[in-house]
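The letter at position 89 of the sequence shown is residue 267 when you use this note's numbering, and the numbering goes up by one with no holes. Glycine included, each C-beta is placed from N, C-alpha and C at the ideal position. Here is the structure we will look at.
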Amino acid sequence: MSTTHEMQLVNTLASGAEEWFCPSCRRRILMQWPPRYELVVLERGDESVTHTGGKGGLSIVRTDVTATPTVPQPSAMPSGPRPEDSRWLREIGIAWDDEAGPDSGSAA
């Protein structure tokens, strides 16, 4: 079982960043909350323990910072509508040139 230290909020800077302090091991961090989330370690303290803390009903359990994962991009759409879609477009009066798109600039 891992040891846990509880950090205390000791200061809030003009920028909104918060300074947190662990009285057990003297760890000090600056925490900037989203949308510009950032964590700066001022004094390492005991890095082998889990640090927690909280304010106003919010509790910090871990203070790891990771890179934002890359969002997968959807695969390319096939060019032009499917045959059943082309048929439906014609049935409702939309002329569609499979190469150029709807109506291709011609008057219907």
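* Option in Asp-263, Gly-194, Met-185 and Ile-272 with minimal Cα separation from Arg-205 -> With distances taken between Cα atoms, Arg-205 lies closest to Met-185.
* Along the chain, which unbroken stretches of the beta strand (DSSP E) at least 3 residues long are found entirely within the segment 190-236? -> Listed in chain order, they are 196-199, 206-210, 216-221 and 228-233.
* Exposure label - Trp-266; buried when at least 16 CB within 10 Å -> Looking at its Cβ environment, which holds fewer than 16 other Cβ atoms inside 10 Å, Trp-266 is exposed.
* For Glu-221, which residues from the same chain have a beta carbon less than 7 Å from its beta carbon, with the 5 sequence-adjacent residues on both sides left out? -> Apart from sequence neighbours up to five positions away, the residues of its chain that approach Glu-221 with a beta-carbon distance below 7 Å are Arg-204, Arg-205 and Arg-206, ordered along the chain.
* DSSP puts Thr-182 in a beta bridge; with which residues? -> Its beta-bridge partners are Thr-228.
* Using 10 angstroms around the beta-carbon of Trp-198, count the other beta-carbons present and answer buried if the total reaches 16, otherwise exposed. => Flag for Trp-198 reads buried.
* To do: Going by CA-CA distance only, name the one from Glu-225, Ser-193 and Ser-226 that's closest to Tyr-215.
  => It is Ser-193.
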